[in-house]
Structure formats: structure tokens, C-alpha cells
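Undergrad: Here it is, the structure, as C-alpha cells.
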Amino acid sequence: MTEQAETKKISIAYIGQEAIAVTPEDMASLAGRVFPLSERVIGGTGEAFDFAEWLSAFRSGQGVAEDAPLPTHLKVEAVDTFEALIPWEQLKDAAVQFAVDGAPLPKGGPVRLYVPNGSSECLNVKSVIVFRLLHDEGNRGEASYGFKSTFTPDEMRMKR
Ligand SMILES: Nc1nc2c(c(=O)[nH]1)N[C@H]1C(S)=C(S)[C@@H](COP(=O)(O)O)O[C@H]1N2
Ligand SMILES: [Mo]
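Numbering (the working numbering), first residue to last: 39 to 198.
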């Protein structure tokens with residue numbers, strides 16, 4: 039295991055709040071229940087937690103009111119700049135793979151999202167480093183995925 043895989047943090051950005059950094063293990067323990075990924079995904083390996091259970095605990099922990107509106111989308115961003123926008127309605131049974139045999143993911147880490155009720159397998163994003171919970175009523179129900187195509191000037195300078 040490389041040093042980077044060990045220390046890779048995940049950024050969580052909830053509607054209107056400042057992003058916070060967590061580890062895969064932090065997310066799994068907050069979710070409160072873990073299960074074999076194979077319960078949700080045929081041929082799935084390793085351990086996962088339920089996305090909605092995690093989000094519910096996260097909202098409580100952040101002091102979000104229980105009757106506050108739910109997000110309309112989850113946007114996930116990966117190490118390789120692949121990203122996906124997933125509508126709330128497709129997130130039922132979504133699971134986050136965070137370990138294999140109790141150890142960090144040998145590939146696709148720090149975590150991989152699986153969306154069994156998603157409109158495309160392309161939404162099963164590997165190497166997720168950002169979870170953004172969004173409220174975008176105008177685009178409700180819309181899904182998209184692909185490699186990020188626009189970069190800020192700062193990002194362009196870093197990539198040279
Ligand atoms: N980080 C990242 N995740 C990704 C991709 C990618 O290029 N980068 N490709 C997606 C696409 S288009 C598909 S079809 C699936 C493929 O998953 P598999 O390699 O497990 O078959 O991963 C998705 N997740
Ligand atoms: Mo794909």
C-alpha cells in the first residue's frame with residue numbers, strides 16, 4: 039500500500055455548508071452498518087455501507103433540520119477527473135465500497151460508489167474524492183457523467 043492510498047481524504051460538501059475532510063473509515067462508522075457489497079451488486083467484492091444511511095447520519099451530525107429539503111442530486115468527483123451527477127431518485131440502494139477484507143481498496147480507492155438503480159453503469163464512480171450534495175430543482179431527475187472538461191485558471195497552471 040502506498041502512503042498516498044493510506045492518507046487519501048474525501049471531501050464532503052453539503053448544500054450551503056463548507057466542505058469537510060473525512061476518511062473512508064470515518065464514513066463507514068458514521069453510517070453505522072456495513073455489509074458485503076455482493077448484497078447489492080452481482081460479483082461485488084469487499085465491504086460497503088448504504089449511502090442514504092450515511093447521509094442521514096451526516097445530516098444529523100451537521101445539525102441539518104430533519105424536515106430540511108433533501109438534496110436533488112449527488113455529484114461525485116474522482117481522482118482521475120471523472121465525475122458523475124446522480125439524481126436523488128436513482129440513489130435508492132446506492133452503496134459505497136470502502137474496504138476489501140478490512141483493508142483499504144487495492145484499486146479504485148479511497149472509495150467507490152455503486153448505483154444499482156442508476157440509469158447507467160457509468161455512474162459507478164471509482165476513486166471518489168469528493169461527494170457534493172446539491173439542491174438544483176431545475177435539473178431534477180437529470181444524470182450525467184464524464185471527464186471534467188472545464189478547469190479554473192489555477193487548475194490549468196497546476197496541470198502544466
Ligand atoms: N474514476 C472513474 N470511475 C469510473 C470510470 C472512470 O473512467 N474513472 N469509468 C466509468 C464507466 S464509463 C464505467 S462503464 C464503469 C466501468 O466499471 P468497471 O471497470 O468496474 O467495469 O466505471 C465508471 N467509473
Ligand atoms: Mo461506461
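A virtual CB, placed ideally from N, CA and C, is assigned to each residue, including glycine. Remember, predicted model here, so these are calculated numbers, not experimental data.
What residues match up with H111 in a beta bridge as DSSP calls it?
TA: Counted from its first residue, the sequence shown places residue 111 at position 73. Its beta-bridge partners are P125 and L172.
Undergrad: Quick check on the burial criterion: 16 or more other C-beta atoms within 10 angstroms. Buried or exposed for G84?
TA: The residue you call residue 84 lines up with position 46 of the sequence shown. Burial call: buried.
Undergrad: Going by DSSP in three states, L75 sits in which element: helix, strand or coil?
TA: On the sequence shown, residue 75 is found 37 positions in, with the first residue counted as 1. L75 falls in the helix class under three-state DSSP.
Undergrad: Can you name the residues that DSSP bridges to V102?
TA: In the sequence shown, the residue the question calls residue 102 occupies position 64. Answer is none; V102 lacks a bridge partner.
Undergrad: Going by DSSP, name the residue or residues bridged to I48.
TA: Residue numbering aside, residue 48 sits at position 10 when the sequence shown is read from its first letter. Paired residue(s): V60.
Undergrad: Quick check: does the Cβ of E159 come within less than 7 Å of any heavy atom belonging to ligand 2?
TA: Position 121 of the sequence shown holds residue 159. Yes.
Undergrad: Can you give the Cα-Cα distance for D88 and S187, rounded to whole angstroms?
TA: Here residue 88 refers to the residue found at position 50 of the sequence shown. Here residue 187 refers to the residue found at position 149 of the sequence shown. Spanning the two alpha carbons is a distance of roughly 30 Å.
Undergrad: For the structure I just gave you, are there three or more beta carbon pairs, one from the stretch 147 to 158 and one from the stretch 130 to 139, closer than 8 Å?
TA: Touching, yes.
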